[in-house]
């Protein structure tokens, strides 16, 4: 073990001797938060909470709120009172709707100019007929504009399955 000691000492002998590290004196400004120095223990929860509060909250129960109305397919209608319809989403899950239900992903409409608020507008089941369902969408920020109407047919025109069942 002693034989290795002189070799290590001779390796250190050729290295230049470095001056000792300077002692740094800290000031109060070193511990205050600035652009160059931030507090690692500071909670940023309040910043994210205000962003979440700024989102539009939907204050009504909406069926199939993950998919747009265009993505839904009408697969069945029960015409006895109260009339109901069966819609399927792209995953194949069925949803039973009745007149007055809000359906589909909300569309956000900005109302009231630059300082206005965002309003969620959904399609609502207006009528359920023997072979289709009528949806309407009303913009509460512009009641003077007539509501938009969309109809989803039980068997869309040009459907390949229509020929297998014959003419309706």
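Numbering (the working numbering), first residue to last: 164 to 331. Ideal Cβ placement from N, Cα and C applies to all residues, glycine included.
In whole angstroms, give me the CA-to-CA distance for residue i and residue j.
i: residue 284; j: residue 200; result: 45 angstroms
i: residue 288; j: residue 211; result: 36 angstroms
i: residue 208; j: residue 237; result: 44 angstroms
i: residue 260; j: residue 302; result: 21 angstroms
i: residue 311; j: residue 290; result: 14 angstroms
i: residue 256; j: residue 274; result: 34 angstroms
i: residue 196; j: residue 202; result: 6 angstroms
i: residue 186; j: residue 281; result: 58 angstroms
i: residue 225; j: residue 231; result: 12 angstroms
i: residue 317; j: residue 272; result: 30 angstroms
The beta strand (DSSP E) that contains residue i, what's its start and end?
i: residue 287; result: 280-291
i: residue 298; result: 295-300
i: residue 207; result: From DSSP, residue 207 is part of no beta strand (DSSP E); its letter is neither H nor E.
i: residue 316; result: 311-316
So is residue i buried or exposed if we call it buried at 16+ other beta carbons inside 10 Å?
i: residue 189; result: exposed
i: residue 298; result: buried
i: residue 250; result: buried
i: residue 241; result: exposed
Please state whether DSSP places residue i in a helix, a strand or coil.
i: residue 235; result: coil
i: residue 250; result: strand
i: residue 256; result: coil
i: residue 270; result: strand
i: residue 189; result: coil
i: residue 164; result: With a pLDDT of only 49 at residue 164, under 50, the local geometry of the prediction cannot be trusted, and the value read off the model is given with reservation. Here residue 164 sits in coil by DSSP.
i: residue 265; result: strand
How close, in whole Å, do the beta carbons of residue i and residue j come, if the pair is a contact with beta carbons under 8 angstroms?
i: residue 314; j: residue 295; result: 5 angstroms
Closer than 7 angstroms, CB to CB, is residue i near chain C or not?
i: residue 198; result: Protein chain content of the structure displayed is limited to a single chain, and chain C is not contained in it.
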